[in-house]
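K.L.:
Residue numbers (my numbering), protein chains in the order written: chain R, 661 to 900; chain S, 12 to 131. Even glycine gets a Cβ: it sits at the ideal position worked out from N, Cα and C. It should be emphasised that the depicted structure is a prediction, and the values quoted were computed from it without experimental measurement.
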Amino acid sequence: MTAPDLAQIWVYLAQKPLTGLTLTLCAYVAGDWLYEKSGRHPLLNPVPIAIALIAGLLWATDIPYRDYFEGAQFVHFLLGPATVALAVPLYQQLETLKKSGPALLAGVLLGSATAAGTAYGFAYLGGASTETLLSIAPKSVTAPIAMGIAEQLGGLPSLTAVLVILTGITGAVFGPLALNLARVRDWRARGLALGVASHGIGTSRALQVNAVAGAFAGLAMGLNGLATAILIPLIFALFR
Amino acid sequence: MIIRYLALILICQLIGETVNVATGLPVPGPVIGMAILFCGLLLRRGLPEGLKDTAGGLLKHLALLFVPAGVGVMLHVPRLADEWWPVFLAIVPGTLIAIVITALAVEYLGRGTLKDEDRV
Numbered sequence: 661m662t663a664p665d666l667a668q669i670w671v672y673l674a675q676k677p678l679t680g681l682t683l684t685l686c687a688y689v690a691g692d693w694l695y696e697k698s699g700r701h702p703l704l705n706p707v708p709i710a711i712a713l714i715a716g717l718l719w720a721t722d723i724p725y726r727d728y729f730e731g732a733q734f735v736h737f738l739l740g741p742a743t744v745a746l747a748v749p750l751y752q753q754l755e756t757l758k759k760s761g762p763a764l765l766a767g768v769l770l771g772s773a774t775a776a777g778t779a780y781g782f783a784y785l786g787g788a789s790t791e792t793l794l795s796i797a798p799k800s801v802t803a804p805i806a807m808g809i810a811e812q813l814g815g816l817p818s819l820t821a822v823l824v825i826l827t828g829i830t831g832a833v834f835g836p837l838a839l840n841l842a843r844v845r846d847w848r849a850r851g852l853a854l855g856v857a858s859h860g861i862g863t864s865r866a867l868q869v870n871a872v873a874g875a876f877a878g879l880a881m882g883l884n885g886l887a888t889a890i891l892i893p894l895i896f897a898l899f900r
Numbered sequence: 012m013i014i015r016y017l018a019l020i021l022i023c024q025l026i027g028e029t030v031n032v033a034t035g036l037p038v039p040g041p042v043i044g045m046a047i048l049f050c051g052l053l054l055r056r057g058l059p060e061g062l063k064d065t066a067g068g069l070l071k072h073l074a075l076l077f078v079p080a081g082v083g084v085m086l087h088v089p090r091l092a093d094e095w096w097p098v099f100l101a102i103v104p105g106t107l108i109a110i111v112i113t114a115l116a117v118e119y120l121g122r123g124t125l126k127d128e129d130r131v
């Protein structure tokens, strides 16, 4: 029996769900290690590092995204239960949330409108195609909601998922720096803004930095999802 | 991670998905599930320790869960290369402007209820 060569083994393994799953976790562990090493510097967010490592490897070895996703879908699936689990930090911060009720609701509505408005407006001014415009409008909303909205509008849900994640990374990486420049010192305001404009990735960052910011981010993400899911399709229906 | 509470979370999501399909609401199942779990906690007036741990386990690395969808950027490289300028405008200045406007508004509106421990 001749030993199978490495390329053959790789072709075989690449079709197994185990490979995509292992690759996802290892790339994230590597990204997280760098992030912790840097003292949780926002510029070294583990998500873009992991995505770049995996996409680079798949591209270099000619493995289709579909094969990778066979394994990665197990991680992807947990987005649903994790969204449900956000009820827990919300409940833990119930007292703070109640006290800030009106400011909170006004902030979510303003943030929702600003995020969708700047997304659509800036993309339009920059000369985006219709498909891209419809896919980018819900970019600040958490991925499952945003993909549903894009589908309703006639955009491309898979493109929306990517734009949502790029938005989340931008918010988590540069959001805290922008908030420092604007001298925002209220943790509630910082968390809420990150949750509204950069959904789960921003919320993840907020949860790591401060419990109050994390709870406001989680709530803002959920409420923004609701508000955008109802408002954007209505607004588009009115202007069509 | 306690199985009983993981099951509870999945049940909430399942009910949420059912409501979503049955009513045609534009709100996705997991968000409805979050609302259901939150209402359940309000009615129960207390958070079971096991649920706190299970939810904490799921949320500790929330960002990891976005990686598989993010790798999908590979599929859209030609479009993103063609339309990088509008996409950049919408995502970078667009998102940061939304963050700053929202935070300044909330800080201003909430100035009356700010406690010292909630300050940076």
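Scan the region 716-730 of chain R for residues whose Cβ lies nearer than 8 Å to a Cβ of chain S and list them as they occur along the chain.
P.N.:
Result list: Leu718, Trp719, Tyr725, Tyr728, Phe729.
K.L.:
Exposed or buried, which one is R:Tyr780 when buried takes at least 16 other CB atoms within 10 Å?
P.N.:
That one is buried.
K.L.:
Can you find the residues in the same chain that come closer than 7 Å, C-beta to C-beta, to R:Glu791, ignoring five residues on each side of it along the sequence?
P.N.:
Cβ within range, chain order: Gly815, Leu816.
K.L.:
By the DSSP assignment, the alpha helix (DSSP H) with S:Asn31 in it spans what residues?
P.N.:
14-34 is the extent of the alpha helix (DSSP H) around S:Asn31.
K.L.:
Shortest alpha-carbon distance to R:Asp828 belongs to which of R:Arg845, R:Ala775, R:Glu811?
P.N.:
One point to set straight first is that residue 828 of chain R is Gly, not Asp, in the sequence displayed. It is R:Ala775 whose Cα lies nearest to the Cα of R:Gly828.
K.L.:
With 8 Å set as the bound, which would you pick, yes or no: does the beta-carbon of R:Leu678 sit closer than that to a beta-carbon of chain S?
P.N.:
Answer no: the Cβ-Cβ gap between R:Leu678 and chain S never drops below 8 Å.
K.L.:
Excluding the 5 residues flanking R:Leu819 on each side, which residues of the same chain have their C-beta closer than 6 Å to its C-beta?
P.N.:
Correct list, in chain order: Ser795.
K.L.:
Does the region 734-750 of chain R come within contact of the region 69-79 of chain S, defined as at least 3 CB pairs closer than 8 Å?
P.N.:
The region 734-750 of chain R, when compared against the region 69-79 of chain S, does touch it at the 8 Å Cβ threshold.
K.L.:
With a threshold of 8 Å on Cβ separation, who are the neighbours of R:Leu683 within its own chain once the five nearest residues in sequence on each side are excluded?
P.N.:
Hits under 8 Å: Ile714, Leu717, Tyr728, Gly731, Ala732.
K.L.:
Starting from S:Arg130, follow its DSSP beta bridges and name the residues at the other end.
P.N.:
S:Arg130 pairs with R:Asp846.
K.L.:
Quick one, are the C-beta atoms of R:Ser858 and R:Thr888 less than 8 Å apart?
P.N.:
Not a contact, by the Cβ cut-off of 8 Å.
K.L.:
Using 8 Å as the Cβ pair cut-off and three pairs as the minimum, do the region 688-701 of chain R and the region 55-69 of chain S touch?
P.N.:
Cβ pair count under 8 Å is below three, so no.
K.L.:
Using a beta-carbon distance below 8 Å, is R:Thr961 in contact with chain S?
P.N.:
What the structure shows of chain R is the stretch from 661 to 900, and residue 961 of chain R is not part of that stretch, so it cannot be assessed.
K.L.:
Would you decide whether S:Glu94 is buried or exposed? Buried here means 16 or more other CB atoms lie within 10 Å of its CB.
P.N.:
When all chains shown are included, S:Glu94 counts as buried.
K.L.:
Between the alpha carbons of S:Gln161 and R:Asp665, how many angstroms are there, rounded?
P.N.:
Past the boundaries of the shown model lies residue 161 of chain S; chain S is included only from 12 to 131, so the question cannot be answered.
K.L.:
Please confirm if the region 114-121 of chain S is in contact with the region 841-856 of chain R, defined as three or more CB-CB distances below 8 Å between the two stretches.
P.N.:
As far as the Cβ criterion goes, the region 114-121 of chain S touches the region 841-856 of chain R, which means the pair count is three or higher.
K.L.:
Measuring straight from C-alpha to C-alpha, what distance separates R:Thr721 and R:Ala674?
P.N.:
Roughly 10 Å separates the two Cα atoms.
K.L.:
Give the residues of chain S in contact with R:Ile861, contact being defined as C-beta atoms less than 7 Å apart.
P.N.:
The contacting residues are Ala74, Phe77.
K.L.:
Taking only three categories from DSSP, how would you classify S:Glu94?
P.N.:
DSSP places S:Glu94 in coil when its eight states are reduced to three.
K.L.:
Closest to R:Val869 by C-alpha separation, out of R:Leu754, R:Ser800, R:Arg850, would be which residue?
P.N.:
Looking at the Cα atoms, R:Arg850 is the closest of the given residues.
K.L.:
Using a Cβ-Cβ cut-off of less than 9 Å, give me the residues of the region 103-124 of chain S that come near chain R, in sequence order.
P.N.:
Listed by position, the residues of the region 103-124 of chain S near chain R (Cβ gap below 9 Å) are Val103, Pro104, Gly105, Thr106, Leu107, Ile108, Ala109, Ile110, Val111, Ile112, Thr113, Ala114, Leu115, Ala116, Val117, Glu118, Tyr119, Leu120, Gly121, Arg122, Gly123, Thr124.
K.L.:
Which residue comes first and which comes last in the alpha helix (DSSP H) that contains R:Pro708?
P.N.:
Residues 706-720.
K.L.:
Do S:Val98 and R:Ala832 come within 8 Å of each other at the CB atom, strictly closer than that value?
P.N.:
Not a contact, by the Cβ cut-off of 8 Å.
K.L.:
Is there at least one Cβ from chain R nearer than 8 Å to S:Asp129's Cβ?
P.N.:
Answer yes: the Cβ-Cβ gap between S:Asp129 and chain R drops below 8 Å somewhere.
K.L.:
Measuring CA to CA, which of S:Lys126, S:Leu19, S:Ile26, S:Leu70 is closest to R:Glu755?
P.N.:
Closest by alpha carbon: S:Lys126.
K.L.:
Using the beta-carbon of each residue, which ones in chain S are nearer than 8 Å to R:Ile714?
P.N.:
Within 8 Å Cβ-Cβ: Val78, Val82.
K.L.:
Beta-carbon within less than 7 Å of R:Met807's beta-carbon, same chain only, minus the 5 sequence neighbours each way: which residues are those?
P.N.:
Cβ neighbours of R:Met807 beyond the five flanking positions: Pro817, Thr820, Ala821.
K.L.:
With distances taken between CB atoms, is the gap from R:Ala747 to S:Leu52 smaller than 8 Å?
P.N.:
Closer than 8 Å, so yes.
K.L.:
Please report the straight-line C-alpha distance between R:Val801 and R:Leu837, rounded to a whole angstrom.
P.N.:
Taking the straight line from one Cα to the other gives about 21 Å.
K.L.:
What are the boundary residues of the alpha helix (DSSP H) that includes S:Leu54?
P.N.:
Element bounds for S:Leu54: 40-55.
K.L.:
S:Ala92 to S:Val103, Cα distance in whole Å?
P.N.:
Between S:Ala92 and S:Val103, the C-alpha separation is close to 16 Å.
K.L.:
Identify whether R:His701 lies in helix, strand or coil by the three-state DSSP scheme.
P.N.:
In the structure shown, R:His701 sits in coil (DSSP, three-state: anything other than H, G, I, E or B).
K.L.:
At the level of alpha carbons, what is the spacing between R:Ser789 and S:Gly57?
P.N.:
Taking the straight line joining both Cα atoms gives about 50 Å.
K.L.:
Buried or exposed for S:His1, please, with buried defined as at least 16 other CB atoms from any protein chain shown within 10 angstroms of its CB.
P.N.:
The shown model of chain S, from 12 to 131, leaves out residue 1 of chain S, and the question about it has no answer.
K.L.:
Give me the chain S residues within the contact set of R:Leu839, using Cβ-Cβ distance strictly less than 8 Å, ordered along the chain.
P.N.:
Per Cβ cutoff of 8 Å: Ile110, Val111, Ala114.
K.L.:
According to DSSP, simplified to helix, strand and coil, what is R:Gln752?
P.N.:
R:Gln752: helix per DSSP, three-state reduction.
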